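Per mature numbering (1 follows the signal peptide of the UniProt record, and there is no 0): the sequence shown = residues -20 to -1, 1 to 236.
Presented below is the structure to which this report refers.
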Amino acid sequence: MRAQRALGTCLSGLLFVGLAATGCTTVAKAPLASNNSSKSIRPAKVTYNYTAKDRDCLKRAMYFESEHSDHDGYMAVGSVVMNRLTSGAYSSSICGVVAQKRQFAPGVMTRTVSDLAEPDLDQAASEVLDGERHPDVKDAMFFHTEGLKFPYNNMHYVAVAGGNAFYEKRGLDGALETPAPLPGYEVAMNYVPVNSVTTAPSPILLPTADQIPIPMPDPTTTASISATPTSAIAVPAPRPAFDGVVQRVSFGRAGG
């Protein structure tokens, strides 16, 4: 009898423990849902404005620095340009980065780009402006012609493309010596048409020779002024000739 009671007590205890464990398991699932929701939140993108001129500057850098090579070379140089733009250590515009003295190839802003390369350049420029980067360039903001050697310990090479060797400047501890650029997924490029700039002065229109404006009376001021009656203008009659004048004239002629 005691054995039956003990068995019943054990079964009741097991049932209670099972229910309690089930309840704890249900409660423990709630924090997991909150963790999953927090992972979907991404940081806001940093927006940079660019114009059609900036796009042309980007294409010029990709074309001349990669020795007119291929899509891979275009993307590598374009990634360096964007790394410099977003690092804050260089100009705040694409053209400012490309046109900086002694940084890119001589004549990069003035030489002629081949029309045959335009389709590939347009595609590469669109991809770079949309946030794509060369997968191996990473944080590199420097490159030189492939095959050259320099005796510097801070040149950390990361990629070779388009006839260039790309490298980061890092110290002995491995840390970047330059401000880190933003990754492509944190950058939003906003196209700004030139004619939409509000700071541009309005054109001044000058009248031409055959369009001389004629001043008109103001109706608000002339309407309250009564018209002045016109009067006849007296014209003086010619004065009659005097004999003395004629005599003086005739005397003068005689005395000459």
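Glycine included, every Cβ here is placed at the ideal spot set by N, Cα and C.
Because the structure is a prediction, the values reported are computed rather than measured.
- Message: On the CB-based measure, 16 or more other CB atoms within 10 Å of its CB, does Val26 come out buried or exposed?
- Response: Of the other Cβ atoms in all chains shown, fewer than 16 fall within 10 Å of the Cβ of Val26; this residue is therefore exposed.
- Cα separation between Thr31 and Leu128? 35 Å
- Beta-carbon gap between Lys81 and Phe122 smaller than 8 Å: no
- Helix or strand or just coil, what does DSSP make of Glu148? DSSP places Glu148 in strand when its eight states are reduced to three.
- Counted within 10 angstroms of its Cβ, other Cβ atoms place residue 240 as buried (16 or more) or exposed: The structure shown does not extend to residue 240, since the chain spans only -20 to 236, so no value can be given for it.
- Message: Using the three-state DSSP reduction, which class does Val117 fall into: helix, strand or coil?
- Response: coil
- Message: At the level of alpha carbons, what is the spacing between Val88 and Arg40?
- Response: 6 Å
- Mapping DSSP to helix, strand and coil, what is Phe123? strand
- Integer-rounded CB distance, given that Val57 should sit under 8 Å from Glu45: 5 Å
- Item | Chain-order list of residues whose beta-carbon lies under 7 Å from that of residue 237 (same chain, five-residue window excluded) | Given that the chain is displayed from residue -20 to residue 236, the structure contains no residue 237 and the question cannot be resolved.
- Query: Comparing alpha-carbon positions, which option in Gly53, Asp36, Val172, Asp102 lies nearest Gly76?
  - Reply: Asp36
- For Glu126, which residues of its own chain have a beta-carbon under 7 Å away from its beta-carbon, when the five flanking residues on both sides are left out? Counting only Cβ-Cβ distances below 7 Å, and skipping sequence neighbours, we find Val140, Gly143, Asn144, Ala145.
- Report the residue from Asp153, Gln103, Asn175, Arg64 whose alpha carbon sits nearest the alpha carbon of Ala160. Taking only the C-alpha atoms, the option nearest Ala160 is Arg64.
- Residues near Ala97 by beta carbon distance below 8 Å, same chain, minus five either side: Tyr43, His48
- Buried or exposed: Leu152, going by 16 or more other Cβ atoms within 10 Å of its Cβ? Burial state of Leu152 is exposed, judged by a 10 Å Cβ sphere holding fewer than 16 other Cβ atoms.
- Task: Could you tell me whether the Cβ atoms of Ala120 and Leu38 are closer together than 8 Å?
- Result: No; because the gap between Cβ atoms is not below 8 Å, this pair is not in contact.
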